[in-house]
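A.B. asks:
In mature numbering (1 follows the signal peptide of the UniProt record, and there is no 0), the protein residues as written are -19 to -1, 1 to 247.
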């Protein structure tokens, strides 16, 4: 298995005696009018790496490339609307940390498996992520003493805690903390909360809400997760369509929606 790792280091040049592998250096970055004045290793370098923390980033999904975080969220460069031009990101995390973007699991992005077997599970993924992290520090031992933080979003709510559990047992890694944004840690909690969130934010009309209460709830408890009532399933499919198929920005409901929103609510 080969897992792609993109490294964004802070910008003072590595000394000649450091162990950064020369074969990983990126000498030219297309789309950037002015080339960086710092070294790049399958990613990017920008300030003073020797003592700043190493921050691992994992996008979620499961199945989303961590290049999303690198190129559209907090990497040193952002892709512009033309899909070709790059622009420096004033809010890049690599201004204060050595960023490590990991494509995980194998089959996501540019990561691949030699045997073409991409069936996996959370336990196996956490082990592979741990081994990838160990391999990174083998290639860049000068960062082994630095503080380590594990971060992610979405399904990172599973990736990060399961990886952290393994890293905590390794005395050779200087783990100092974890952070997860908009994390998914339980499908049951997520699916149940989605319906209440949608209703109390005005996405669901009275008819649909009343039907959900009738067919998905019993004895004062509602099950919007794995309810076997076919009428409930139909109502939940309508909720999913309103939330994910109407054109709403699910991460910012009150933001203007490019192209507008369908005028249909239950």
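We treat Cβ as the ideally placed atom computed from N, Cα and C, and that holds for glycine. As the structure is a computational prediction, the values presented were derived from the model and not from experiment.
Can we say the stretch 117 to 136 touches the stretch 85 to 100, given the rule of at least three CB pairs closer than 8 Å?
C.D. replies: no
A.B. asks: Buried or exposed: where does residue 39 fall if 16 or more other Cβ atoms within 10 Å of its Cβ makes it buried?
C.D. replies: For the purposes of this step, residue 39 is taken as residue 58 along the chain shown, with counting starting at 1. The residue in question, residue 39, is buried, as its Cβ has 16 or more Cβ neighbours within 10 Å.
A.B. asks: Nearest to residue 70 by alpha carbon, out of 138, 57, 226?
C.D. replies: Mapped onto the chain shown, residue 70 falls at position 89. Nearest option by C-alpha distance: 57.
A.B. asks: Can you name the start and end residues of the beta strand (DSSP E) that residue 133 belongs to?
C.D. replies: On the chain shown, residue 133 is found 152 positions in, with the first residue counted as 1. That run of the beta strand (DSSP E) goes 129 to 134.
A.B. asks: Taking the C-alpha atoms as reference points, what is the distance between residue 197 and residue 185?
C.D. replies: As a working note, residue 197 is residue 216 in the chain shown. As a working note, residue 185 is residue 204 in the chain shown. Going from the Cα of residue 197 to the Cα of residue 185 covers about 15 Å.
A.B. asks: Would a check of beta-carbon distances place residue 84 closer than 8 Å to chain B?
C.D. replies: The structure shown contains no chain B, having only a single protein chain.
A.B. asks: Kindly indicate which three-state DSSP category residue 230 falls into: helix, strand or coil?
C.D. replies: Here the question's residue 230 lines up with position 249 in the chain shown. In this structure, residue 230 counts as coil in the three-state DSSP scheme.
A.B. asks: Contact defined as beta carbons within less than 8 Å: I believe residue 118 pairs with residue 157. What is the distance between those atoms, to the nearest angstrom?
C.D. replies: Position 137 of the chain shown, counted from the first residue, corresponds to residue 118. Position 176 of the chain shown, counted from the first residue, corresponds to residue 157. Not quite, the Cβ-Cβ distance comes to about 15 Å (not below 8 Å), so this is no contact.
A.B. asks: For my contact list, residue 193 and residue 216 are in at a C-beta cut-off of 8 Å; report their separation, rounded to the angstrom.
C.D. replies: Taking the first residue of the chain shown as 1, we reach residue 193 at position 212. Taking the first residue of the chain shown as 1, we reach residue 216 at position 235. Their Cβ separation, rounded to whole angstroms, is 5 Å, which keeps residue 193 and residue 216 in contact under 8 Å.
A.B. asks: Can you tell me where the beta strand (DSSP E) with residue 69 in it begins and where it stops?
C.D. replies: For the purposes of this step, residue 69 is taken as the residue at position 88 of the chain shown. Residue 69: member of the beta strand (DSSP E) spanning 67 to 69, first to last residue.
A.B. asks: Taking the alpha carbon of residue 11 as the reference point, which residue from 218, 66, 116, 59 has its own alpha carbon closest?
C.D. replies: Within the chain shown, the letter at position 30 stands for residue 11. If we check each option's Cα against that of residue 11, 66 comes out closest.
A.B. asks: In its own chain, which residues sit with a C-beta less than 7 Å from the C-beta of residue 204, not counting the 5 before and 5 after it?
C.D. replies: Looking up residue 204 in the chain shown gives position 223. 197.
A.B. asks: Among all the DSSP beta bridges, which residues are the ones paired with residue 108?
C.D. replies: Numbered from 1 along the chain shown, position 127 holds the residue referred to as residue 108. In the DSSP output, where bridge partners are listed per residue, residue 108 has none listed.
A.B. asks: Cα separation between residue 238 and residue 229?
C.D. replies: Position 257 of the chain shown, counting from 1, holds the residue named residue 238. Position 248 of the chain shown, counting from 1, holds the residue named residue 229. Roughly 6 Å separates the two Cα atoms.
A.B. asks: I'd like to confirm the pairing. Which residues does DSSP put opposite residue 162 in its beta bridges?
C.D. replies: Sequence index remark: in the chain shown, residue 162 carries index 181 (1-based). Answer is 134, bridged to residue 162.
A.B. asks: For the pair the stretch 103 to 117 and the stretch 128 to 147, tell me if three or more CB-CB distances fall below 8 Å.
C.D. replies: The answer is yes - the stretch 128 to 147 touches the stretch 103 to 117, with three or more Cβ pairs under 8 Å.
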